[in-house]
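Number of protein chains: 2
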Amino acid sequence: MDDEHFMRLALKEAVKAMETGEVPVGAIITVGTQIIARGSNMVEKLKDPTAHAEMIALTSAFNQLGAKYLPDATIYITVEPCLMCAGAIYWSKISRIVWGAADEKNGFARLTGPHNPFHPKALIQKGILAEESAVLMRNFFGSRR
Amino acid sequence: MDDEHFMRLALKEAVKAMETGEVPVGAIITVGTQIIARGSNMVEKLKDPTAHAEMIALTSAFNQLGAKYLPDATIYITVEPCLMCAGAIYWSKISRIVWGAADEKNGFARLTGPHNPFHPKALIQKGILAEESAVLMRNFFGSRR
């Protein structure tokens, strides 16, 4: 299945982040079957707490396409986006948003409650390879305690 | 008054944005009486819809201080931040957030309702030179219709 295929690639980005001491989150942006951008969390590397996988992937996609809107794109994220990243995805006009594990602490949903922060026409798919992503997160935070 | 002084400088950044065809929003980050970063909206220039004044100023501040948290800083923004920027300010651990005009359409508050998206200890001050900022926005959007 395509969603699982691209989510596996997002998980690869998450593993890449973890290997350099970052919270393991990865993102992939596609148009059709083509990958146009990848991102892995770089908060520690860049000393920038906004350098989330999604932000890195979005900036790369805008540059790649020379366009400030991505209405034909899908973003795959290993974990539910935070408020900042949900807002950035809204601005990008990405039409499909797929994530893996829920993030009860830092995910957007805790703060937006009944409101949809995304573009009203955007399609949302949650829970793709959620367990794989959650295991990565648990391993990372477990090993830090 | 200091808040008005720094907000006037943020308004200068907003005017700078408007002069190049951008939505007129500006931001200033201070530590004590010192300005450590400025930002003006660069969405059109960078073809990146996440290149808001706040994001530009935050990235500049992290680089300037070589630090990923800004607990001693204040951010001045001419307009209520959007969801993305509110989230970014949260991650930065900025301790004081000052803005001018409310933004009923794109401001974070419409989507977060009763929830506080900022750091729980952060101090919020709204309405500083709000009319000046609102006039800039109205002039910009008025001239585009």
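Going down the list, the protein sequences come from chains W and F.
Under our numbering, the first sequence has 145 at position 145, and the numbering climbs by one with no breaks.
Basically our numbering = 1-based index in the second sequence + 1000.
The beta-carbon is built from N, C-alpha and C at its ideal position, and this holds for glycine as well.
Please compile the residues from chain F whose C-beta is within a distance smaller than 7 Å of the C-beta of residue i.
i	result
Phe-118(W)	The contacting residues do not exist; Phe-118(W) stays about 10 Å from chain F at best.
Ser-95(W)	Chain F residues near Ser-95(W): none, gap ~14 Å exceeds 7 Å.
Tyr-76(W)	Result: empty, since nearest Cβ-Cβ is about 18 Å, beyond 7 Å.
Give the residues of chain F in contact with residue i, contact being defined as C-beta atoms less than 8 Å apart.
i	result
Met-42(W)	In chain order: nothing, as chain F lies at least about 11 Å away.
Met-137(W)	The contacting residues do not exist; Met-137(W) stays about 17 Å from chain F at best.
Ser-133(W)	Within 8 Å Cβ-Cβ: nothing; Ser-133(W) doesn't reach chain F, min ~20 Å.
Please classify residue i: is it buried, with 16 or more other beta-carbons within 10 angstroms of its beta-carbon, or exposed?
i	result
Leu-129(W)	buried
Ser-1040(F)	buried
His-1052(F)	buried
Val-1015(F)	exposed
Pro-1049(F)	buried
Ile-13(W)	Looking at the sequence itself, residue 13(W) is Glu, so the reference to Ile does not match. Glu-13(W) should be labelled buried.
Ser-143(W)	exposed
Thr-20(W)	exposed
Which bits of chain W does residue i rub up against, with CB to CB less than 7 Å?
i	result
Thr-1112(F)	Leu-111 and Thr-112
Asp-1048(F)	Thr-59, Phe-62 and Lys-68
Met-1018(F)	Residues of chain W passing the Cβ test: none, with the nearest at roughly 18 Å.
So, at 8 Å on beta carbons, what are the nonlocal neighbours of residue i in its own chain, with the 5 sequence-adjacent residues on each side left out?
i	result
Met-55(W)	Gly-39, Met-84, Cys-85 and Ala-88
Asp-1002(F)	Thr-1033
Ala-1109(F)	Glu-1080 and Ala-1102
Output needed for residue i: all residues of its chain with C-beta closer than 6 Å, excluding positions within five of it in sequence on either side, in chain order.
i	result
Ala-1073(F)	Ile-1029, Val-1031 and Ile-1094
Arg-1096(F)	Thr-1074 and Leu-1123
Gln-1125(F)	Val-1098
Leu-136(W)	Ala-14 and Pro-24
Closest Cβ-Cβ distance between residue i and chain F: below 8 Å?
i	result
Gly-21(W)	no
Gly-100(W)	no
Gly-107(W)	no
Gly-87(W)	yes
Ser-143(W)	no
Met-7(W)	no
Met-84(W)	yes
Which first and last residues belong to the alpha helix (DSSP H) in which residue i is found?
i	result
Ile-1036(F)	That residue, Ile-1036(F), is in no alpha helix (DSSP H); its beta strand (DSSP E) goes 1034-1040.
Taking the continuous beta strand (DSSP E) assigned at residue i, which residues delimit it?
i	result
Gly-26(W)	26-31
Gly-1100(F)	1096-1101
Please return the same chain residues whose Cβ sits closer than 7 Å to the Cβ of residue i, not counting the five positions on each side in sequence.
i	result
Phe-1140(F)	Met-1018, Val-1023 and Pro-1024
Asn-1042(F)	For clarity, residue 1042(F) is Met in the given sequence; the question names Asn instead. Contacts found: Glu-1022, Ala-1051 and Ile-1056.
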